[in-house]
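Residues in the sequence shown are numbered from 23 upward in steps of one, following my numbering.
Here a beta-carbon is modelled for each residue, glycine too, at the ideal position from N, C-alpha and C.
No experiment lies behind these values; they were computed from the predicted model shown.
These notes concern the structure reproduced below.
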Amino acid sequence: MESVYKIVEAMSIVLIYHLVFLNKNSIRYNISRSSIITLIASIPVIMVDRVSISMLLAFILILAIITNIGVNRDIIVNFVEIILSTALALLVQLISLGTFIGISYAFFDGKFSDSISFIWFIVVLVILLSIFHLYTKDKDLQIDKFIKKYNDIIIICINTLIAFLIIRLAVEVNTILNEYIEVNAILNEYLIELGFLSFTAIFLNIFYFINKYRTNLKNKKSEIKESINPLIQELIDEMKSSEHEYKNHLNILYCMIQVCKQEELKDRAKNYIGDIFENKNLLNTLSDINNTILKAVLLSKINQAEKNNINCKHKIENDLENIPLDDSELTIILSNLLNNAIEAANKCENAKINIHTVLENNKHIIKVANSVNNFDEKTIPSLTKAKFSTKGKGRGFGLHNIKNIVEKYKGNLDIRLNDDMLEITISI
23 MESVYKIVEA MSIVLIYHLV FLNKNSIRYN ISRSSIITLI ASIPVIMVDR VSISMLLAFI
83 LILAIITNIG VNRDIIVNFV EIILSTALAL LVQLISLGTF IGISYAFFDG KFSDSISFIW
143 FIVVLVILLS IFHLYTKDKD LQIDKFIKKY NDIIIICINT LIAFLIIRLA VEVNTILNEY
203 IEVNAILNEY LIELGFLSFT AIFLNIFYFI NKYRTNLKNK KSEIKESINP LIQELIDEMK
263 SSEHEYKNHL NILYCMIQVC KQEELKDRAK NYIGDIFENK NLLNTLSDIN NTILKAVLLS
323 KINQAEKNNI NCKHKIENDL ENIPLDDSEL TIILSNLLNN AIEAANKCEN AKINIHTVLE
383 NNKHIIKVAN SVNNFDEKTI PSLTKAKFST KGKGRGFGLH NIKNIVEKYK GNLDIRLNDD
443 MLEITISI
């Protein structure tokens, strides 16, 4: 009878998990899947006489692993949801036990059999599961979002709990050894618990760090995509513009052939082609830069500056090909530097921006200088603080983000006012 109780208790945990957190609609699917999972997960629990906290924790871990098969969810989220399901299952047992004892003493003088107690537990379980299902089926509890938001805190709490249980086991083993009694069987049981706890801690931490690595990689890919896509579009638009421009040049040359006299055609064509080479576009001037990110950002931002009548000069002596930044970080630095420069210079007469990259003493140097108007030199130390901005509310993260990246790679960020030009120099 005790084994049946354990299986039903385990079944209640898995059913609550399915009905509350997973598939809330298909009752038949939930019962059949829960039955299979329960039979597999209950084997180690049935095999032992004493179900301790550590054994319960191991059982929860096994449930988390098995229930994750075919669902492909975050194992930490699964683990915490199974713990919450276990808490709800314990609540069901308390309600069942409390009501049964109350009824038995009120009507039957406290005389009852185990089979009647078991039937009553099943009735209460079905009633409460139905209530759980009706209450949660149309609600998004967003437990997974909460867990992901506080993932680090939760994993610290789980590790702390496991460490506490291991210490408690060590204390109990030491107490038993000091009492000089027959301890082999008890010690074996404690060693099994210790093994389960250690395995749980190792398993959860491995999955946690694997999941964190995958999340960081996914976020990094998303950052790169978001930062590079506009730049790629700029390159495509510039190439289309160049293609259209050269088609126009070919049409002009064709018309010249049609209308010019033979003796003047050679001189006219030569002069016209010479003018084309003298007025070659920005894309051609940047074509020697090997770093695609640098080339794309310069193309985008210099075009933007020239549309705002800002005289923008660039001197690229180092294409930053071996700089120890990933693509998204390099894009953030270059884009923020030039966005700030364009905004500041746009407020000035005779606005200008100078861009210079060079390699000095094995350090990659990026220098951007722009015109400023009535700039207070005292504000320079505050420029890299989060939310500080001279541009209005909701701004001020650009230089702060640059500073974070530069410090990550043990680089230097120098900001100084030189006459009417604000110079920002990055050394990495």
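Just the C-alpha distance for residue i and residue j, rounded to the nearest angstrom, thanks.
i      : j      : result
Phe43  : Asn426 : 39 Å
Thr379 : Ile387 : 6 Å
Val394 : Lys369 : 7 Å
Ile178 : Ala185 : 10 Å
Asn330 : Asn372 : 11 Å
Glu351 : Asp341 : 15 Å
Tyr230 : Val99  : 10 Å
Asp442 : Asn358 : 20 Å
Leu239 : Asn396 : 43 Å
Cys277 : Glu339 : 42 Å
Ala109 : Thr182 : 19 Å
His336 : Thr307 : 10 Å
Ile234 : Leu347 : What sits at residue 234 in the sequence shown is Lys, not Ile. Near 21 Å, if we compare the C-alpha coordinates of Leu347 and Lys234.
Asn293 : Leu321 : 28 Å
Arg236 : Lys430 : 21 Å
Ser244 : Leu113 : 43 Å
Asn381 : Ala291 : Residue 381 is actually Leu in this sequence, not Asn. Going from the Cα of Leu381 to the Cα of Ala291 covers about 43 Å.
Asp289 : Asn270 : 19 Å
Cys282 : Leu272 : 15 Å
Ile232 : Asn392 : 44 Å
Ser137 : Ile175 : 44 Å
With DSSP as the reference, please indicate the residues paired to residue i in a beta bridge.
i      : result
Asp436 : Thr447
Thr379 : Ile338 and Ile388
Ser393 : Met443
Asn333 : Lys374
So, at 6 Å on beta carbons, what are the nonlocal neighbours of residue i in its own chain, with the 5 sequence-adjacent residues on each side left out?
i      : result
Ser118 : Phe143 and Val146
Arg438 : Glu445
Leu360 : Lys323
Leu421 : Leu405 and Thr406
Lys317 : Leu308 and Ile311
Leu356 : Val319
Ser449 : Lys385, Ile387, Gly433 and Asn434
Asn227 : none
Ile279 : none
Phe101 : Ala86
Thr401 : none
According to the neighbour-count rule (16 or more other Cβ atoms, all chains shown, within 10 Å of its Cβ), is residue i buried or exposed?
i      : result
Ile141 : exposed
Cys334 : buried
Ala366 : buried
Val428 : buried
Ala86  : buried
Val148 : exposed
Ile345 : buried
Ala128 : exposed
Asn241 : exposed
Gly124 : exposed
Gly120 : exposed
Asn362 : buried
Ile377 : buried
Leu151 : buried
Go through its chain and collect everything with a Cβ distance to residue i's Cβ below 7 Å, but skip five positions before and after it.
i      : result
Gln2   : It is not possible to answer for residue 2, since the shown part of the chain is limited to 23 through 450.
Tyr39  : Thr89, Glu103, Ile104 and Ser107
Gly416 : Low per-residue confidence applies at Gly416: pLDDT is 36, beneath 50, and the placement is therefore not dependable enough to give any value.
Asp436 : Thr447
Phe122 : Ser139 and Trp142
Glu3   : This structure gives no information on residue 3, because the portion of the chain shown stretches from 23 to 450.
Phe225 : Leu83
Leu156 : none
For residue i and chain D, any beta-carbon pair shorter than 8 Å?
i      : result
Gly433 : Of the chains in the structure shown, none is chain D; there is only one protein chain.
Which residues in the same chain as residue i place their Cβ atom closer than 8 Å to its Cβ, once the five residues preceding and following it in sequence are excluded?
i      : result
Glu399 : Leu439
Glu31  : Ala111 and Gln115
Phe154 : Ile38, Leu41, Val42 and Leu110
Contact check, residue i vs residue j under 8 Å by CB: the rounded distance?
i      : j      : result
Ile424 : Ile375 : Not confirmed; about 16 Å, so no contact.
Val390 : Thr353 : Contact doesn't hold; Cβ gap of about 15 Å is too wide.
Glu343 : Asn383 : Rounded, the Cβ-Cβ distance is 17 Å, inconsistent with contact.
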